[in-house]
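Numbering (the numbering used here) for the sequence shown: 998 to 1101.
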Amino acid sequence: MITRIQALTACLVAAVCVLPTIAHADPCGTELCLSDFSEAKKDISKCQDDLDEFFSLVGKKDGHFDPERTLEKRRSYLNKCASGNALFKADILSKYGSIVKPSY
């Protein structure tokens, strides 16, 4: 028979495991969306959080947009996806790593 403590523990573990994946964007999801950005734009709702997170990473120098610092922030973010494809990451960063957020 399951005790209350066991049930509460199971609920807590489930919440800790599930909520982080729901609550924020994922670098691997961002890589997937940006590896075929034109396709992602067709149903933007699936990629919205991932794209917004990626393009919110902006480096500044003296209060102004700095492409190099932006590129470094975005590179660091994408590299958090250990299972990603290095060639896709390089292509994504060459296209979108140092630009202002595009419309989608």
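We put the CB at the ideal spot given by N, CA and C, even for glycine.
Query	Result
Grouping DSSP H, G and I as helix and E and B as strand, with all else coil, what is K1114?	Lying before the first or after the last residue shown, residue 1114 is absent from the chain, which here runs from 998 to 1101.
Report yes or no: do the stretch 1021-1034 and the stretch 1058-1069 share at least 3 C-beta pairs separated by less than 8 Å?	no
For H1061, write down the residues that DSSP places opposite it in a beta bridge.	K1058
Roughly how many angstroms lie between the CA atoms of S1042 and F1052, to the nearest whole one?	16 Å
Considering only their Cβ atoms, is the gap separating G1081 from D1047 smaller than 8 Å?	no
Run through DSSP, which three-state label would D1033 get?	coil
DSSP three-state label for G1081, please.	coil
Identify whether D1023 lies in helix, strand or coil by the three-state DSSP scheme.	coil
Skipping 5 residues on each side, what residues in its chain have a beta carbon closer than 6 Å to that of V1055?	T1067
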